[in-house]
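Asks:
There are 2 protein chains.
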Amino acid sequence: MSDIRPIGVFDSGLGGLTVVHELREALPEEQLIYLGDTLRCPYGGRSIEAIKTFSREITTFLMKQNVKMIVVACNTVSAVALDDVMEIAGDIPVLGVVGPGSRAAIHTSVDRRVGVIGTKATVRAGAYGNGIRALDDRVTVYEKACPLLVPLVEEGFIDSKVTELVLEEYLDELIDLGVDTLVLGCTHYPLLAKPIHRVLGGRIEVIDSAWWTARETKQILTDRNELAVTREGHDRFYATDMTDEFNRQASIFLRGQMDAIIEIDLHNELNEIQ
Amino acid sequence: MSDIRPIGVFDSGLGGLTVVHELREALPEEQLIYLGDTLRCPYGGRSIEAIKTFSREITTFLMKQNVKMIVVACNTVSAVALDDVMEIAGDIPVLGVVGPGSRAAIHTSVDRRVGVIGTKATVRAGAYGNGIRALDDRVTVYEKACPLLVPLVEEGFIDSKVTELVLEEYLDELIDLGVDTLVLGCTHYPLLAKPIHRVLGGRIEVIDSAWWTARETKQILTDRNELAVTREGHDRFYATDMTDEFNRQASIFLRGQMDAIIEIDLHNELNEIQ
């Protein structure tokens with residue numbers, strides 16, 4: 045049996061398209077519906093209360109699209125508002141990127157010393173630290189906020205001396221602490237994989253939460269017997285604000301073709317739902 | 045006669061506190077009411093339509109506070125939505141930071157070659173270029189978007205090698221174009237005055253729009269006979285979202301003491317007004 049309902053994916057902005065990229069690789073037959081809250085991004089520096097409100101609004105919108113599962117591609121939301129998403133999603137499974145990243149870190153770290161880099165909100169919430177310690181309390185987790193990496197990626201400073209200097213400033217502390225595994229706890233960071241590997245110098249394993257999230261999504265749908273066997277329709281991309289810049293950024297994160305992004309007014313959409 | 049009504053000041057976030065700093069220096073008897081839209085900042089990369097909507101909402105809120113003048117401390121809003129602010133302000137004078145900065149550039153440039161640095165939205169709108177050419181069409185204006193400077197300031201990378209490298213990347217082009225005057229077209233940039241002067245090497249005059257805006261505000265209130273002779277009350281600071289981080293940043297921008305920031309829900313406030 046083929047469950048042709050789409051998978052809903054959302055992020056504060058367009059960075060979550062790195063998760064869409066991995067989902068497409070792992071699940072080419074699935075239709076995806078993506079929402080990027082570009083009107084209010086970035087979430088990383090906002091209050092937890094604000095992030096919870098935004099997450100509830102977006103989940104309500106996705107539920108209206110008859111999705112069979114929700115993937116929270118935003119580390120910040122996964123860190124502080126996954127309960128809110130789950131509450132609104134009801135029986136539909138919800139997977140945030142923090143869980144798969146944490147589980148992968150446990151399996152990878154030999155010395156049980158894990159570093160995590162992410163936005164301020166993700167680190168402030170201690171999401172990966174709590175997630176990893178809940179699985180194995182012998183693991184020591186060092187979390188480091190790296191707020192400059194998102195703007196550097198968005199401005200295309202990827203293979204740049206500037207980015208390498210900033211990465212050194214952020215990562216040297218984690219290297220000195222002796223971590224053997226580093227979790228990329230933000231959707232933007234996989235695009236910095238090359239300079240990150242250069243700064244780490246081959247001594248540390250790097251965990252890409254997006255890749256592991258796609259793998260677990262496939263597992264969940266398989267277990268529930270809800271995989272799509274044949275693709276029903278094109279993926280749909282929504283954003284709450286649009287500029288030409290966003291189109292350019294989207295293609296960077298997605299690393300591939302995408303249909304036009306549709307601009308929506310989330311408050312209007314939700315009023316219609318009520 | 046002393047006009048004790050407050051002056052309303054707003055910005056997309058907390059950067060506009062650099063304008064408050066200058067207003068306090070120039071007009072110590074005036075009470076100020078500041079609103080920073082920290083829930084939706086930064087505006088710099090958003091669509092013009094979104095910026096117009098936000099500006100109308102904030103102006104409506106400030107008018108409710110019985111202000112005698114509105115200072116738009118946000119270069120982005122001054123660039124793309126000043127008309128919207130004026131429409132709602134009615135008879136109350138409105139001053140954006142772009143006008144004073146443009147006028148100062150005209151008076152300063154000897155070779156009639158002016159460089160402007162700002163956010164993407166400010167540069168995309170060509171605000172300073174249009175403003176300066178409207179005053180003197182013999183002046184050539186080169187505008188350059190520098191989107192990394194705001195996050196660098198907010199993360200405290202002020203006297204840092206990283207910031208100097210980024211500034212070189214942005215400013216070398218303007219230096220090569222032979223500008224003799226550089227307008228700091230973003231509220232955050234005055235905090236980078238030192239590294240900017242270092243990169244420019246003393247060859248170029250730097251215009252701080254915030255300083256000129258405070259000077260013109262004083263002139264407007266003097267002309268209208270609406271100056272406060274004695275201070276009536278404390279300044280009030282509102283923000284649409286609050287974290288500890290914002291308190292830290294506020295003190296950087298304000299370079300001085302401030303009362304507690306009051307968090308408000310702008311949509312609730314506006315519903316009450318209607």
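Residue numbers (the numbering used here), protein chains in the order written: chain A, 45 to 318; chain B, 45 to 318. Heads up, the beta-carbon is just placed ideally off N, CA and C, and yes, glycines get one too. Model, not experiment: these values are computed from the prediction.
By the DSSP assignment, the alpha helix (DSSP H) with I296(A) in it spans what residues?
Replies: 288-298
Asks: Taking T287(A) as the query, report the chain B residues whose CB atoms sit under 8 Å from its CB, ordered along the chain.
Replies: In chain order: G89, R90, S91.
Asks: In this structure, does DSSP put N132(A) in helix, strand or coil?
Replies: A quick correction: the sequence has Ile, not Asn, at residue 132(A). In this structure, I132(A) counts as helix in the three-state DSSP scheme.
Asks: Can you pull out the residues from the segment 60-80 of chain A whose beta carbon lies closer than 7 Å to at least one beta carbon of chain B?
Replies: Taking 7 Å as the Cβ-Cβ cut-off against chain B, none of the residues of the segment 60-80 of chain A qualify.
Asks: Of all the residues that make up the segment 204-217 of chain B, which are near chain A by a beta-carbon distance shorter than 8 Å?
Replies: Taking 8 Å as the cut-off between beta carbons, the residues of the segment 204-217 of chain B near chain A are K205, V206, L209, V210, E213, in sequence order.
Asks: Between which two residues does the alpha helix (DSSP H) containing K96(B) stretch?
Replies: 92-108
Asks: Nearest by alpha-carbon distance to E93(A): which of P50(A), A123(A), T104(A) is it?
Replies: A123(A)
Asks: Taking contact to mean 3 or more Cβ pairs, one atom from each stretch, closer than 8 Å, check whether the segment 271-291 of chain B and the segment 86-105 of chain A are in contact.
Replies: yes
Asks: What is the rounded straight-line gap between the Cα of A148(B) and the Cα of A254(B)?
Replies: 11 Å
Asks: Which of helix, strand or coil does DSSP assign to R157(B)?
Replies: R157(B) falls in the strand class under three-state DSSP.
Asks: Chain A partners of A94(B), CB-CB under 8 Å?
Replies: L83, D285
Asks: Please identify, using Cβ separations under 8 Å, the residues of the segment 158-171 of chain A that lie next to chain B, in order along the chain.
Replies: K164
Asks: So with CB distances below 7 Å, who are the chain B contacts of P137(A)?
Replies: Result: empty, since nearest Cβ-Cβ is about 30 Å, beyond 7 Å.
Asks: Tell me the residue span of the alpha helix (DSSP H) that contains V223(B).
Replies: Taken as a continuous stretch (DSSP letters only), V223(B) belongs to no alpha helix (DSSP H), as it is neither H nor E.
Asks: Given this structure, state the Cα-to-Cα distance separating T231(B) from A125(B), to the nearest angstrom.
Replies: 16 Å
Asks: What alpha helix (DSSP H) runs, 4 residues minimum, are completely inside the segment 207-284 of chain B?
Replies: Listed in chain order, the complete alpha helix (DSSP H) runs (minimum 4 residues) inside the segment 207-284 of chain B are 237-244, 253-267.
Asks: In the DSSP assignment, find the unbroken alpha helix (DSSP H) run with K164(B) in it and report its ends.
Replies: 164-168
Asks: Buried or exposed for G245(B), going by 16 or more other Cβ atoms inside 10 Å?
Replies: exposed
Asks: Identify the continuous beta strand (DSSP E) that holds I202(B) and give its terminal residues.
Replies: Counting along the chain, I202(B) falls outside any beta strand (DSSP E), and DSSP gives it neither H nor E.
Asks: Which residues in the same chain as I217(A) place their Cβ atom closer than 7 Å to its Cβ, once the five residues preceding and following it in sequence are excluded?
Replies: Rather than Ile, the amino acid found at residue 217(A) in this sequence is Glu. Within the same chain, E217(A) has close Cβ partners K188.
Asks: Is E199(A) close to chain B? Criterion is C-beta to C-beta, closer than 8 Å.
Replies: yes
Asks: How is L83(B) classed by DSSP in three states: helix, strand or coil?
Replies: coil
Asks: So, for A171(A): in the same chain, excluding its five sequence neighbours on each side, which residues have a beta-carbon less than 6 Å away from its beta-carbon?
Replies: A123, V142
Asks: Which partner residues of A189(B) appear in the DSSP bridge assignment?
Replies: G162(B)
Asks: Expressed to the nearest angstrom, what Euclidean distance is found between the alpha-carbon atoms of Y233(A) and V206(B)?
Replies: 19 Å
Asks: Checking 8 Å against the spacing of the C-beta atoms, do T103(B) and I132(B) come in under that value?
Replies: yes
Asks: Please confirm whether P195(B) has its beta-carbon closer than 8 Å to some beta-carbon of chain A.
Replies: yes
Asks: Helix, strand or coil for V111(B) per DSSP?
Replies: coil
Asks: For a test of the three-state rule: what should DSSP assign to E198(A), helix, strand or coil?
Replies: helix
Asks: Just the chain A side, please: which residues come within less than 8 Å of L58(B) by C-beta, in chain order?
Replies: Contacts between L58(B) and chain A, judged by CB atoms closer than 8 Å, are missing: the closest CB pair is about 11 Å apart.
Asks: Among the candidates I240(B), R275(B), L236(B), whose CA atom is the shortest distance from the CA of T62(B)?
Replies: L236(B)
Asks: Run through the DSSP bridge pairs and tell me what E307(A) is partnered with.
Replies: A283(A)
Asks: Roughly how many angstroms separate the alpha carbons of W256(A) and Y87(A), rounded to a whole number?
Replies: So the alpha carbons of these two residues sit roughly 22 Å apart.
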